[in-house]
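The numbering of the sequence shown is the numbering used here, which starts it at 953 and goes up by one. Where is the CB? At the ideal position from N, CA and C, for every residue including glycine. Single-structure report; data block below.
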Amino acid sequence: MEIRKAVREADVVVVCLSKQFNEAGFRQKEVRLALDTAMEKPEGEIFIIPARLEECDNLESLKKWHWVDLFEEDGYAKFLRALRVRGDRIGAITYSLIRFDAKAEKERKIKFLLEQAGKLEEDAKWADALEIQRQIKKINSSTPGVDGKISELQRKTQANDLTVNIQRIAGKKGNSIKKSFPWLPVAAVGTFAFCCLMSVIGAGWYSQSIGFTDELSTPINESTDNSPIETTALLPTAQPSAPLDTATIDEMILVPAGEFTMGSDLKSPVEAPPHTVPLDAFYMDIYETTTSQYQECVTAGFCVRPWTDASATRSSYFSNPEFANYPVIHVSWNMANTYCEWRGKRLPTEVEWEKAARGQEGLIYPWGNEFDGSRLNFCDVNCLNFPNTDYDDGYNDTAPVDAYPLGVSVYGIYNLAGNVREWVVDEYNVYPGGNPAAASDFGLGLRVVRGGSWNENYIDAQSFHRFAYAPDAVGDNTGFRCAMDVP
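So, in structure tokens, the structure goes:
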């Protein structure tokens, strides 16, 4: 009776296997009793994890479940991942297994940015170094020497801009320069000489001769030459490279405006009730953010590296060029938000994400209302937890971001079901008209993740399904993509 009671009240049953265990007939009877009781629960209500403590045969009654080998080198890590999957589903706090210290992250980021700023100064890249120092101040305004360094770099940047503008003007308007300064070779015009001339002759006269406004770094095109002077942006942004009446910009797709019915009453009460939301048009990334894209932000000094270089089954992942087109993982909400801002974008809202996945008709999956395991990276035969042996895509965890073309949404967006869960900007709260008691962690500052992942089942891949993590939590099944307002 005690076994039955314990199993009925449990969320996870761990069956420990050993040679001695297998030889003890009465213990097998206890396992049989526990399993029979567990199977009385509805599907998905309990986890059963056979855990081998040594090399031994698995019991016949347990062969339908994948086991973990605790005697292997990575056995304990696999065991923790299995527990975490269950903990995520029931809302248990398992983040202590995977989270990192926010203060340590901030200190590491500042140290890295200081190193990058120093290298840029050595190369006389004053503007780039200035932006990094401003980022350092934004992270911690009390960083020693940051105000003085910003002032110093501002002066150097202004002086450099002045020189560059003169050289650009000289290239386009050599004759005008020569008329004003017949004794000064155009190629040798320098900041110091220019500043001296400004002091003696006067800014007004020089601005008329060269074609500057009072803001000396802004050139004015003469009527005889309307071609723009090229400039180089400091950071990559999501500016459109085509007219806005096209459907795509910067590997983003336009999701049109219109009312959208969000939520569902088919499954969990945290997803209810269905409710109509007005929504403006927006752009959504076609693909999940890749390791190589995130590496660019790390290299620029604005993003910190993922929590670990590894994925669930690969010891080298983030820094391995082989996985450059795979989704970045082990990034928190804060890290994802920083990356999107650096790109001139933002994280999508929860309603934007759901509309991008379900379309105007409110589909259950991005491709339709029937599950098809060939259209997404989910818990197939390669998976540890509740594997679906009807499918085998060959991936033990994450897949390329452009895989599964048959699984795109009605707008042509990839992997909104499976592969990795995706952060959205919203905090985890009850829907309008919903039951505030449906989840104990509503309103606690958790952030929503959407879409299911490579180690989850068809229920988690449903486009209205909601999860929630602490904003500094990271995991091997969680990534993100960015969105953008229509310019």
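Between the C-alpha atoms of residue 1323 and residue 1305 there is a straight-line separation of about 19 Å.
Of the residues assessed, residue 957 falls on the exposed side of the cut-off, its CB having fewer than 16 other CB atoms within 10 angstroms.
In the structure shown, residue 1294 adopts helical secondary structure according to DSSP, grouped into three states. Remark: C-beta atoms of residue 1210 and residue 1110 do not approach each other more closely than 8 Å. By the CB criterion at 8 Å, residue 1243 and residue 1291 fall outside the cutoff. Within 10 angstroms of the beta-carbon of residue 1335 lie 16 or more other beta-carbons, which makes it buried.
With fewer than 16 other Cβ atoms inside 10 Å of its own Cβ, residue 1387 counts as exposed. Assigned with DSSP and collapsed to three states, residue 1080 falls in helix. The three-state reading of DSSP puts residue 1379 in strand, counting E and B together. Distances from the alpha-carbon of residue 1084 to those of 1320, 1069, 962 put 1069 closest. A contact between stretches requires three or more CB pairs, one per stretch, nearer than 8 Å, and the segment 1256-1273 fails this requirement with the segment 1415-1424.
Judged by DSSP in its simplified three-state form, residue 1287 adopts helix. Within a 10 Å sphere around the beta-carbon of residue 1437 sit fewer than 16 other beta-carbons, which makes this residue exposed. Counting only residues of its own chain and dropping the five nearest sequence neighbours on each side, residue 1245 has no CB closer than 7 Å to any other CB. For residue 1354 and residue 1368, the gap between their C-alpha atoms comes out near 11 Å. A check of alpha carbon separations from residue 1315 across 1092, 1215, 1082 identifies 1215 as the nearest. For the 8 Å CB-CB criterion, residue 1259 and residue 1282 form a contact. For residue 1213, the enclosing beta strand (DSSP E) begins and ends at 1212-1214. Beta-bridge analysis with DSSP links residue 1421 to 1399. In the structure shown, residue 1429 falls within a coil segment according to DSSP collapsed to helix, strand and coil. For residue 1235, no alpha helix (DSSP H) segment is defined; the enclosing uninterrupted segment is the beta strand (DSSP E) at 1234-1237. DSSP places residue 1304 in the helix class (H, G or I) of the three-state scheme. By a beta-carbon distance limit of 8 Å, residue 1383 does not contact residue 1400. Their separation comes to about 11 Å. Contact between residue 1309 and residue 1207 fails: their C-beta atoms lie close to 10 Å from each other, not under 8 Å. Taking every protein chain shown into account, the CB of residue 1092 has fewer than 16 other CB atoms within 10 angstroms, so this residue is exposed.
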